[in-house]
Each structure stands twice: as structure tokens, then as C-alpha cells.
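Visitor:
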Amino acid sequence: MEKDQKREEVVIPLHRPDKKEMLFFFICGIIISVPITLSIAQFLDPLISGLDTVSAALVSIVLLAPLIEEFSKIFPIFYRHGETQRSIIQLAIMVGLGFGLAEFISYVSIGVVWYVRLPGLLFHPASTAISAYGIASKRPVPFFVLAVGFHFANNFLVLANPLPFSASIFVIGLTALTAWNLYRRTKEKIIL
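If you want it as C-alpha cells, here you go:
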């Protein structure tokens with residue numbers, strides 16, 4: 005009987021990502037998360053096409069973008085096995101950085117001043133790390149909602165505030181501080 009049980013056991017070794025895997029997840033932020041974001045946004049655009057310009061911008065940028073982008077960034081992380089709590093967050097940071105870089109290049113290529121988009125290179129990895137902490141702690145929903153909330157606040161303040169850059173810096177700083185504090189709570193223990 006014991007021999008049969010051993011045949012049915014699966015051993016997942018403790019895994020810490022190397023540089024190649026970190027690069028892979030950085031690339032995932034570009035080639036997986038960005039297309040998912042664009043596809044979902046394109047699918048949802050007809051739902052807001054009847055709204056006036058201001059309402060459409062609010063719904064699209066403030067409500068839909070945070071939900072879609074945070075989902076798209078955390079998606080590559082859900083199917084990892086044998087990772088530690090810390091390695092999940094490290095991989096999520098790489099996905100967020102890849103996504104943020106792609107977004108940065110996209111905006112700069114259409115004429116947005118580069119330094120206005122620079123904070124996004126910190127925001128996207130930090131918000132993705134917050135969602136990843138939810139996976140690492142087996143409580144994905146509240147931390148996904150927290151990441152979406154930071155994203156919502158950032159986008160809303162950028163649209164509604166007469167000094168959008170200062171408001172954005174505040175939210176991004178708070179997001180990064182939250183991500184850092186959550187990362188410090190993690191351990192090098194496997195997620196089962």
C-alpha cells in the first residue's frame with residue numbers, strides 16, 4: 005500500500021527564479037499582459053461609445069483601465085508552482101516592469117513628455133507586487149482590489165486634479181511603500 009502511495013505523490017521542488025526566468029517574466033509583461041489589456045479594452049469600448057467625452061474618459065481611464073491592467077499584469081503569475089512567497093512577488097515585479105516599460109514607450113511615441121510617464125515605471129511593478137502578495141498569502145481578492153484601488157486613485161487624480169503630476173507622485177509613492185511593506189512580510193517558504 006505504501007509503495008502505491010509513493011507512486012501517486014508528486015514532488016514540487018522549491019524554486020527560486022534565475023536571471024533567465026526573471027527576463028522571461030519581464031517579457032511576459034510586454035507580450036502577454038499588454039495584448040490582454042488591449043484585447044479586453046477593445047472588447048469593452050463599444051459599451052462606452054454612447055457616452056459623452058468626459059464620461060467616456062472617466063469610465064475608460066478611471067474604472068476600466070485599472071481593472072483590466074491589474075488583471076492583465078497578474079495573469080502570468082497565477083500558474084506558477086513551487087515558488088516561494090518572495091519569488092512570486094519578484095516575478096510579479098518583473099511583469100509589472102515589462103508592462104510599465106511598454107506603456108511608457110507607447111505614450112512617449114505618441115508625443116507625451118517622457119518625464120510625465122516615468123512614474124509609471126515604478127507604479128506598475130509596485131501595484132503588481134501588491135496583487136502578487138495576495139497570491140502568496142492565499143488571499144488574492146483583497147490585495148487585487150487594493151492594487152486596483154491605487155490604480156483607480158492614480159488615474160482619477162491625474163484626470164481631476166489641477167496638479168495631476170503631484171497627485172500621481174503621492175499615489176505612486178503610497179503604492180510603492182505598500183508593496184515594499186508587503187514584500188517584507190513574505191518569507192522564503194513555498195506556496196502550496
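So in this note's numbering the end of the sequence shown lands on 196, straight run, no missing numbers. Cβ coordinates follow ideal geometry from the N, Cα and C atoms, glycine included.
Please classify H19: does DSSP put it in a helix, a strand, or coil?
Guide: Sequence index remark: in the sequence shown, residue 19 carries index 15 (1-based). Of the three classes helix, strand and coil, the one that applies to H19 here is strand, per DSSP.
Visitor: Is I109 closer than 8 Å to F79 when the C-beta atoms are compared?
Guide: Taking the first residue of the sequence shown as 1, we reach residue 79 at position 75. Taking the first residue of the sequence shown as 1, we reach residue 109 at position 105. No, the Cβ-Cβ distance between F79 and I109 is not below 8 Å.
Visitor: For S53, which option in V15, S64 and G153 has the closest C-alpha, if you only look at C-alpha atoms?
Guide: Taking the sequence shown and counting its residues from 1, one reaches residue 53 at position 49. Out of V15, S64 and G153, S64 has the C-alpha closest to the C-alpha of S53.
Visitor: What are the boundary residues of the alpha helix (DSSP H) that G177 is part of?
Guide: Looking up residue 177 in the sequence shown gives position 173. P168 to R189 is the span of the alpha helix (DSSP H), which, as asked, contains G177.
Visitor: In whole angstroms, give me the CA-to-CA distance for G115 and V14.
Guide: Within the sequence shown, numbered from 1, the residue matching residue 115 stands at position 111. Within the sequence shown, numbered from 1, the residue matching residue 14 stands at position 10. Each residue's alpha carbon lies about 53 Å from the other.
Visitor: Please check the pair I72 and A45, which I expect to be a contact at CB under 8 Å, by giving their CB distance rounded to whole angstroms.
Guide: As a position in the sequence shown, residue 72 is number 68, starting the count at 1. As a position in the sequence shown, residue 45 is number 41, starting the count at 1. Rounded, the Cβ-Cβ distance is 6 Å, consistent with contact.
Visitor: When DSSP labels each residue in this structure, what does I195 get in the three-state scheme?
Guide: As a working mapping, residue 195 is identified with position 191 in the sequence shown. DSSP places I195 in coil when its eight states are reduced to three.
Visitor: For T88, which beta-bridge partners are listed by DSSP?
Guide: Here residue 88 is taken as the residue at index 84 of the sequence shown, counted from 1. Note: T88 sits in a beta bridge opposite I194.
Visitor: Could you tell me if M5 is buried or exposed, where buried requires 16 or more neighbouring beta carbons within 10 angstroms of its beta carbon?
Guide: Working through the sequence shown from its first residue, we reach residue 5 at position 1. Because the pLDDT at M5 is just 49, under 50, the model does not fix this residue reliably, and the value given afterwards should be weighed accordingly. Exposed, by the Cβ-count rule.
Visitor: Within a Cβ cutoff of 6 Å, which residues of the same chain sit near C32, ignoring the five residues on either side of it in sequence?
Guide: Position 28 of the sequence shown, counting from 1, holds the residue named residue 32. Here the set comprises P80 and V99.
Visitor: Please go through the same chain and pick out, in chain order, the residues whose beta-carbon is closer than 7 Å to the beta-carbon of S131, but skip the five residues on each side of it.
Guide: Stepping through the sequence shown from its first residue, residue 131 is reached at position 127. The answer, listed in chain order, is E74, G100, A151, F154, H155 and T179.
Visitor: Short check: CB of N158 to CB of S135, under 8 Å?
Guide: As a first step, residue 158 must be located in the sequence shown, where it is residue number 154. As a first step, residue 135 must be located in the sequence shown, where it is residue number 131. No, they are not a contact pair.
Visitor: Roughly how many whole angstroms lie between the Cα atoms of I195 and Y83?
Guide: Here residue 195 refers to the residue found at position 191 of the sequence shown. Here residue 83 refers to the residue found at position 79 of the sequence shown. If I take the Cα positions, the gap works out to 12 Å.
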